[in-house]
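Trainee: Once you've had a glance at the structure underneath, I'll fire off some questions.
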Ligand code: PRF
Ligand code: ZN
């Protein structure tokens with residue numbers, strides 16, 4: 123069995139672990155950069171390795187449309203096609219169809235939509251999603267689910283989570299590759315009873331890992347923590363837990379405290395492309411004139427290439443002139459920042475000082491809007 127998860131250290135609900143995949147071992151808790159189009163925007167594979175990226179995420183929806191899964195399969199799957207030979211994870215597509223597809227129609231069969239590229243009518247079903255994910259060849263594949271928008275009526279959330287369970291059963295039945303691990307996804311919005319039902323029914327499938335879906339879709343922050351807390355109370359201790367689409371530093375710190383092992387989000391790379399640099403206090407706006415004369419690096423404590431070689435003044439110049447290098451350097455720094463945050467979290471759990479780490483982190487945050 124090439125896929126294995128082992129909890130190494132535990133402190134309260136927080137834990138560190140080691141996840142073994144056919145393309146290597148990774149240390150958890152872990153932040154996974156998003157490479158929607160089979161590329162983490164602006165960064166080379168060498169840079170990803172240098173900053174400590176371990177698992178890279180790609181999207182079924184985008185790669186199904188272009189360049190097409192048959193082509194990726196012929197060229198050696200994501201590993202061969204991209205040359206990134208570490209572990210990959212693919213999302214199943216349902217979530218992206220809902221946010222990007224046009225004229226979407228959800229039915230028991232799946233989600234029909236029009237391609238945002240050429241208008242072609244496409245039906246994505248659990249079977250099709252798994253077939254595409256098998257062609258893409260990621261180490262971890264996700265069940266096809268429905269992520270309802272926030273807010274949704276409890277009645278709709280209930281019918282949707284029940285459909286997601288039937289789609290999980292179909293996803294599992296469609297799976298043929300023994301070298302890929304299929305993770306189930308829980309739904310149920312922020313309704314505790316529905317979450318509980320979704321989680322208990324999902325773990326009956328005895329899967330190699332579980333994702334908490336349906337969060338970070340616009341609900342107030344206070345509503346997310348209790349849902350994650352009750353989810354990790356119910357999920358089996360010996361399987362990795364993945365909180366989908368969560369990537370704000372304070373949410374990673376809170377998620378780790380609640381026993382989450384994996385996270386992904388476009389936030390670090392997207393906010394970098396908007397000219398923001400992540401630091402313990404919050405975000406530095408390098409598009410602002412404030413930093414024009416500042417010879418200091420983004421973050422004295424950061425070992426990334428941008429912080430080791432460039433000043434805030436130069437980065438501000440690059441951002442204000444919209445130079446490509448500025449966007450690349452900020453993405454590089456922001457990803458390194460989140461990888462380092464997870465390294466610090468792992469070290470704190472190992473040392474039994476995670477509570478103190480999380481409190482110190484919260485105290486360093488700047489007030490909202492600073
Ligand atoms: N389902 C899937 N992918 C996702 C989510 C989900 O619920 C989320 C939730 N924010 C992010 N990505 N399949
Ligand atoms: Zn840096």
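In our numbering, the protein residues as written are 123 to 492.
Every residue, glycine too, gets a C-beta built ideally from N, C-alpha and C.
Assuming residue 186 contacts residue 384 under a Cβ cut-off of 8 Å, what Cβ separation, rounded to an integer in Å, is found between them?
Mentor: Contact doesn't hold; Cβ gap of about 23 Å is too wide.
Trainee: Contact between the region 129-140 and the region 413-420: three or more CB pairs below 8 Å?
Mentor: no
Trainee: Looking only at its own chain, which residues have a Cβ that is under 7 Å from the Cβ of residue 352, when we skip the five neighbours before and after it?
Mentor: 314, 317, 318
Trainee: So, using beta-carbon positions, are residue 367 and residue 338 closer together than 8 Å?
Mentor: yes
Trainee: Spell out the partners DSSP gives residue 128 in its beta bridges.
Mentor: 140
Trainee: Note down, in chain order, each residue of its chain lying with its Cβ closer than 6 Å to the Cβ of residue 402, except the 5 sequence neighbours on either side.
Mentor: Hits under 6 Å: 486.
Trainee: On the DSSP bridge assignment, give the partners of residue 147 in chain order.
Mentor: 142
Trainee: Could you say which of 463, 406, 336 lies nearest to residue 154 if we only look at CA atoms?
Mentor: 463
Trainee: Comparing C-alpha positions only, which one of 422, 372, 150 sits nearest to residue 362?
Mentor: 150
Trainee: By the three-class DSSP mapping on this structure, what secondary structure does residue 443 have?
Mentor: Under the three-state reduction of DSSP, residue 443 is assigned to coil, being neither helix nor strand.
Trainee: Specify whether the region 440-457 and the region 468-484 touch according to this definition: at least 3 beta carbon pairs, one from each stretch, less than 8 Å apart.
Mentor: no
Trainee: Under the three-state reduction of DSSP, which class applies to residue 224: helix, strand or coil?
Mentor: strand
Trainee: Do residue 212 and residue 182 have their CB atoms nearer than 8 Å?
Mentor: yes
Trainee: Between residue 121 and the ligand PRF, is the CB less than 7 Å from at least one heavy atom?
Mentor: Here the chain has residues from 123 to 492 only, and residue 121 is not among them.
Trainee: Taking the straight line between their C-alpha atoms, what separation do you get for residue 202 and residue 227?
Mentor: Whole-angstrom Cα-Cα distance: 34 Å.
Trainee: Using the beta-carbon of each residue, find all residues closer than 6 Å to any heavy atom of the ligand PRF and list them in chain order.
Mentor: 213, 214, 216, 217, 264, 267, 269, 307, 335, 336, 337, 338, 339, 366, 367
Trainee: Closer than 7 Å to a non-hydrogen atom of the ligand ZN - does that hold for the CB of residue 428?
Mentor: yes
Trainee: Suppose you measure from the CA of residue 262 to the CA of residue 247; what does that come to, to the nearest Å?
Mentor: 18 Å
Trainee: Quick one: measure Cβ to Cβ for residue 310 and residue 279, integer angstroms, because I've assumed they're closer than 8 Å.
Mentor: 6 Å
Trainee: With DSSP run on the structure shown, which of helix, strand or coil describes residue 396?
Mentor: coil
Trainee: Would you say residue 238 touches the ligand ZN, meaning its beta carbon is less than 7 Å from a heavy atom?
Mentor: no
Trainee: Taking the alpha carbon of residue 356 as the point to measure from, which residue in 479, 244, 333 has its own alpha carbon closest?
Mentor: Per the Cα distances, 333.
Trainee: Can you grab the Cα-Cα spacing for the pair residue 443 / residue 369, in whole Å?
Mentor: 28 Å
Trainee: Excluding the five sequence neighbours on either side, which residues of its own chain have a C-beta within less than 8 Å of the C-beta of residue 231, listed in chain order?
Mentor: Excluding sequence neighbours, residue 231 sits near 245, 247.
Trainee: So who's on the other strand from residue 385, going by DSSP bridges?
Mentor: 153, 365
Trainee: List the whole-angstrom C-beta distance separating residue 341 from residue 296, where the pair is believed to meet the contact cut-off of C-beta under 8 Å.
Mentor: Not confirmed; about 31 Å, so no contact.
Trainee: Roughly how many angstroms separate the alpha carbons of residue 441 and residue 266, rounded to a whole number?
Mentor: Going from the Cα of residue 441 to the Cα of residue 266 covers about 39 Å.
Trainee: How is the alpha helix (DSSP H) around residue 322 delimited, first residue to last?
Mentor: 314-325
Trainee: Looking at the unbroken alpha helix (DSSP H) that takes in residue 296, where does it start and where does it end?
Mentor: 276-296
Trainee: May I have the straight-line CA-CA distance separating residue 256 from residue 188, to the nearest angstrom?
Mentor: Spanning the two alpha carbons is a distance of roughly 16 Å.
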